[in-house]
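Quick note: this note's numbering has the sequence shown finishing at residue 53, numbered continuously throughout. What follows is a set of notes on a single structure, which appears directly below.
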Amino acid sequence: MTFERYDAIVVGAGPGGATAATVMARDNLRVLLIDKE
């Protein structure tokens with residue numbers, strides 16, 4: 017099993033979640049974006 021480390025985990029890839037993930041990624045944070053579909 018491989019483990020990954022992330023600075024932030026965003027649950028929900030709607031407009032708010034996608035924007036939050038994009039902003040954090042632009043600041044060089046490792047972001048995991050999770051959506052149910």
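Quick reminder that beta carbons are idealized off the backbone N, C-alpha and C, glycines included.
Start and end residues, beta strand (DSSP E) containing residue i
i: A24; result: A24 to V27
i: L45; result: Counting along the chain, L45 falls outside any beta strand (DSSP E), and DSSP gives it neither H nor E.
Beta carbon of residue i nearer than 8 Å to that of residue j
i: L49; j: D23; result: no
i: D51; j: A29; result: yes
Status (buried if at least 16 other CB within 10 Å, exposed otherwise) for residue i
i: L39; result: In the sequence under discussion, the amino acid at residue 39 is Val, which differs from the Leu named in the question. Exposed.
Supposed contact pair residue j and residue i - C-beta distance, whole angstroms, cut 8 Å
i: V27; j: A37; result: Wrong, their Cβ atoms sit about 10 Å apart, outside the cutoff.
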